[in-house]
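First comes the structure, then the notes that go with it.
2 protein chains.
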Amino acid sequence: MTELEHRTPEQEWNAWGTAEGASPVGEEVRTLLEQFLGVVRRDTPSVDRPDVRVGASQLSDEVRTALAAIVGEDGVRTDDHTRLLHAGGKSTPDLLRRRAGEAESAPDAVVLPASHAQVGALLALCAERRVAVVPFGGGTSVVGGVEPERGGFDLVIALDLRLLDELVEVDAESRTATLQAGLRGPEAEELLGKHGFTLGHFPQSFEHASIGGFAATRSSGQASSGYGRFDDMVQRLRVATPNGELDLGRGPGSAAGPDLRQLFLGSEGALGIITEVTVRVHPKPQEVESEAWSFPDFATGAKALRALAQNEALPTVARLSDEAETMVNLASAHSVGAGEQSGGCLMITRYEGNRIAGHARTSELLAASGGTSLGAEAAEQWSHGRYHGPYLRDALLDVNAVVETLETASTWSKLTETCDAVRGALTESLEAQGTPPLVMCHISHVYPTGASLYFTVAFARGEDPRAQWWQAKRAVGDAIVRSGATITHHHAVGTDHRAWMTDEIGDLGVAVLRAVKSTVDPSGVLNPGKLIP
Amino acid sequence: MTELEHRTPEQEWNAWGTAEGASPVGEEVRTLLEQFLGVVRRDTPSVDRPDVRVGASQLSDEVRTALAAIVGEDGVRTDDHTRLLHAGGKSTPDLLRRRAGEAESAPDAVVLPASHAQVGALLALCAERRVAVVPFGGGTSVVGGVEPERGGFDLVIALDLRLLDELVEVDAESRTATLQAGLRGPEAEELLGKHGFTLGHFPQSFEHASIGGFAATRSSGQASSGYGRFDDMVQRLRVATPNGELDLGRGPGSAAGPDLRQLFLGSEGALGIITEVTVRVHPKPQEVESEAWSFPDFATGAKALRALAQNEALPTVARLSDEAETMVNLASAHSVGAGEQSGGCLMITRYEGNRIAGHARTSELLAASGGTSLGAEAAEQWSHGRYHGPYLRDALLDVNAVVETLETASTWSKLTETCDAVRGALTESLEAQGTPPLVMCHISHVYPTGASLYFTVAFARGEDPRAQWWQAKRAVGDAIVRSGATITHHHAVGTDHRAWMTDEIGDLGVAVLRAVKSTVDPSGVLNPGKLIP
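Each protein sequence line maps, in turn, to chains E and R. Here our numbering is used: position 407 in the first sequence is 407, and no number is missing along the way. Take any residue in the second sequence, count from 1 to its spot, add 1000: that is its number in our numbering.
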């Protein structure tokens, strides 16, 4: 059997990304952690690979043979290492678990279909044989979306879509491209680049996440102000289900009833497997302009972003850090103590393509809204480190600290309330556990009616760091829901947000999702335990 | 019982709009109809009101009492005239039928709820008593959407939402407003205007259509280039169903699973009654700039629109008529024979609010794309007559001609193919019936990936004009579907497009819609015979 190869390097089993990306924290950071968060100086490394307890595969020869009849022998993997690489996603609890050597719940097999037809055949087979199916793209979920839950079935397979990696079609005139679901971010960009196009979708997970995952989770990228959310980009999508296939989207706009694409966007593998999407593309920008700004406080910066959004003056990237995040970013950029930094909030702006024409007008609005230009450098620095954040998390996990992120979105009129509610809930819960946190926040997705709020929280590792985090997470989720905001702006639901779905869409909304699931997946094998309460 | 009153004047029972709007065609037009379409000079007036055969109400005293217990005695109308006013929509076949005195299928009652709670109670009652419910806003459907079909039930009521006419809330900071579903276009604008806002939604039906109807049909207005489609404007919506209510939309963007708002937008009353929507609003524009352009041909004009859309340079209104429509519009504007007109295609552009800043850049792109500016006048003329089109249809029906419209949307790369396919199917079918048509086309909704195509077709009235039109309509629908375009861009499905819904969303898509309907409306009383094949 060949090694499981891919154009995009495999992620580490116990960390974000690849070993090359790792960067251990230095003495200075350890001192800061000690001073500000009370982190006791102690190494908390991952177990070594041989010490990981990977559950044994329960796959019977009969089911293996049936799977192999569809995808070939080489398409059915049951070795421990491949199954370990599909044992879950990349949330902090996921990583803590794998660092502790726990992989008992690894899937019974990893199956590699190479076409839409093979996906359809696999789903029909799994429905018949009652095998749970967890679709797997880049494996970057931070909400338990790729957790190999059995959901009452005896077997669970990870359906790894990496072989669906073709650029199917480019329609240069209509500026659309049809991409297969298994393409990773960089691969899609490389293929589109040959035609002079870009997708413009650059979430922090870009280097590993897949096109299908972007669609299935309603991903939103760092350049969403210029290129939109991923769900907005999708013109057409092809979905395989145990009960047949769907091919949805027949025009740039339509009034032919409900927009069923919007049922499968965000469906997280629970209603079908997205195998192909047709998305808007843009000419690859020849020039890029960047400018960083400083605002006296977060509220003033947020008001400036609102002015841009409501005056159709957004750059391609617009991103505002609160005071705490600004301080930490500057400290880490200059490798100096945070105490030396001046206050204020950093805003990053970046202009590509058509948006360059509006740079001057945007700058005028930002200046009029209380901003001070810092020039291009700080913005370019952000750009260079834009995918690095998750690596820092692993480094901190090594030194007895815990970092996790969460996000929401709210209307402009409730943004401060939501922000305060989240910060309050995190602080209160972790303080009560004896580990007062550092909470940082930024806005990175801006709409005329409101904005996202993205929080990074760091705290000293307690005795049971997973329980410690879940206690805080539950308090935050409740606070978000009480404030009227959404439980997730772009991380999706997975297992972690499932408890709040009833708050989000109501009992009848949940009943509607269940009815749809019963129609496309009557046996319930698709990604059990995700999305639907 | 009081007269059925409303701030917006009632439409005529046998024509579009009000009697004041009517304008009979003159001698010159009759001569042109004779010369170009072979229309035999003959008056074909509507029957008089006393000659209309309004079916008798079958409402039992028991059901009436139960309905009245919810909405009061005054909220249950069974008089012939009120029922006639709810006997269907405003498609040409609808008008031909009523002009012939056929109103046997009028609903058994018109019921007037005054709140969301009353709507919910009525739906529960109707589900229990097995009474079909047809929601009725402005009654402007041109696809049979408000046809009082019984769907196998003994009774059918029209649920007239006119009493749900409040502006519930304005959130000036987030630029959203919450509107009740029964508000008509002008009423909503008047209420929002007091707060300095506009919705920016101005479809040709604006003067009579309702907010709930805009949402339930995915309406798109003439200013969609600037303000978007109605479905894009909706942040939140409240829906009453026989099985409870839905309150959907908790943030400016969300990844909390499928976007269930998109199931109820475009649901045409078949999945619930939308009682309230929260929509984006915009500062009421202080200035407006208009400019008309001439293009040598439709393809060149379309390419110019594509350049605008793909370069983020669209005005608020962008509208391109083909050669035939340009000729007829100019002829009717100047009251001269069409033969005197020069060729070419007219494009209307209009700039409001933020878009004014882009006028110069847009003009540059249009000039570079082969356009010649005609100045403001022709564009302002269009603006003055923008809601007049449907009145002309009634005038032509009086003089032995038939006019109807239909629309679709296609990607830029297939736009010409779709346009030719529609024109070909209409021409072929009506020629085969001995009545070669005049087919006019315009683009009025433009996207980066494609555009709408709106067709107006005029022809000599045959012996059975409804059968004559349906033969053509069937051929066109098939042609649209074959070309890969959508069966409707903004008129919705109703009864008329139902036959093509399987082409649009596939068998499994239809099964999904049925499953959703079974969940929210298990007895099937909601708007039978619409939307779902």
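Quick reminder that beta carbons are idealized off the backbone N, C-alpha and C, glycines included. Since the structure is predicted, the reported quantities are computational estimates derived from the model, not experimental observations.
Residue i - DSSP class collapsed to helix/strand/coil
i: residue 340 of chain E; result: For residue 340 of chain E, the predicted structure reports a pLDDT of 41, less than 50, and the residue's modelled location is therefore unreliable. A value from the coordinates is still provided. Looking at residue 340 of chain E - three-state DSSP - the assignment turns out to be helix.
i: residue 1160 of chain R; result: strand
i: residue 500 of chain E; result: helix
i: residue 379 of chain E; result: helix
i: residue 1356 of chain R; result: helix
i: residue 321 of chain E; result: strand
i: residue 1208 of chain R; result: coil
i: residue 1040 of chain R; result: coil
i: residue 373 of chain E; result: strand
i: residue 1312 of chain R; result: coil
i: residue 108 of chain E; result: coil
i: residue 306 of chain E; result: helix
i: residue 524 of chain E; result: coil
i: residue 417 of chain E; result: helix
i: residue 1187 of chain R; result: helix
i: residue 1298 of chain R; result: helix
i: residue 505 of chain E; result: helix
i: residue 1459 of chain R; result: strand
Where residue i meets chain R, residues with beta-carbon distance less than 8 angstroms
i: residue 521 of chain E; result: What residue 521 of chain E touches in chain R: nothing, since even the nearest Cβ is about 11 angstroms away.
First through last residue of the beta strand (DSSP E) which encompasses residue i
i: residue 1242 of chain R; result: Premise fails: residue 1242 of chain R is in no beta strand (DSSP E) and is neither H nor E.
i: residue 171 of chain E; result: 167 to 171
i: residue 1136 of chain R; result: 1131 to 1136
Endpoints, the alpha helix (DSSP H) within which residue i is located
i: residue 1390 of chain R; result: 1389 to 1397
i: residue 1063 of chain R; result: 1061 to 1071
i: residue 1096 of chain R; result: 1092 to 1099
i: residue 1179 of chain R; result: Element bounds for residue 1179 of chain R: not the alpha helix (DSSP H) but the beta strand (DSSP E), 1176 to 1180.
Contact with chain R by residue i, beta-carbon distance below 8 angstroms
i: residue 335 of chain E; result: With a pLDDT of 45 at residue 335 of chain E, under the threshold of 50, the modelled position of that residue is not reliable, and the figure given next carries that caveat. Answer no: the Cβ-Cβ gap between residue 335 of chain E and chain R never drops below 8 angstroms.
i: residue 502 of chain E; result: no
i: residue 141 of chain E; result: no
i: residue 245 of chain E; result: yes
i: residue 222 of chain E; result: no
i: residue 322 of chain E; result: no
i: residue 238 of chain E; result: no
i: residue 363 of chain E; result: no
i: residue 511 of chain E; result: yes
i: residue 235 of chain E; result: yes
i: residue 209 of chain E; result: no
Interface residues of chain R facing residue i [CB-CB closer than 9 angstroms]
i: residue 452 of chain E; result: 1251, 1252, 1253
i: residue 307 of chain E; result: Result: empty, since nearest Cβ-Cβ is about 11 angstroms, beyond 9 angstroms.
i: residue 370 of chain E; result: Here the premise fails: no neighbours, minimum Cβ distance about 17 angstroms.
i: residue 443 of chain E; result: Here the premise fails: no neighbours, minimum Cβ distance about 11 angstroms.
i: residue 227 of chain E; result: The contacting residues do not exist; residue 227 of chain E stays about 11 angstroms from chain R at best.
i: residue 329 of chain E; result: Within chain R, no residue comes near residue 329 of chain E; the closest Cβ sits about 24 angstroms away, beyond 9 angstroms.
Contact set between residue i and chain R, taken where Cβ atoms lie within less than 7 angstroms
i: residue 92 of chain E; result: Ordered by position in chain R, no residue passes the 7 angstroms Cβ test against residue 92 of chain E, which lies about 19 angstroms from the chain.
i: residue 527 of chain E; result: Ordered by position in chain R, no residue passes the 7 angstroms Cβ test against residue 527 of chain E, which lies about 12 angstroms from the chain.
i: residue 448 of chain E; result: 1175, 1280
Any C-beta of chain E under 8 angstroms from that of residue i
i: residue 1259 of chain R; result: yes
i: residue 1412 of chain R; result: yes
i: residue 1124 of chain R; result: no
i: residue 1423 of chain R; result: no
i: residue 1516 of chain R; result: yes
i: residue 1492 of chain R; result: yes
i: residue 1217 of chain R; result: yes
i: residue 1338 of chain R; result: Confidence is the limiting factor: at residue 1338 of chain R the pLDDT is only 36, short of 50, which leaves the residue's position unreliable and the question unanswerable from this model.
Counterpart residues of residue i in DSSP-defined beta bridges
i: residue 454 of chain E; result: E/407, E/442
i: residue 1348 of chain R; result: R/1292, R/1319
i: residue 198 of chain E; result: E/282
i: residue 1447 of chain R; result: R/1450
Cross-chain neighbours of residue i in chain E, by beta carbon under 8 angstroms
i: residue 1027 of chain R; result: Chain E residues near residue 1027 of chain R: none, gap ~39 angstroms exceeds 8 angstroms.
i: residue 1489 of chain R; result: 251, 253, 254, 255
i: residue 1241 of chain R; result: 508
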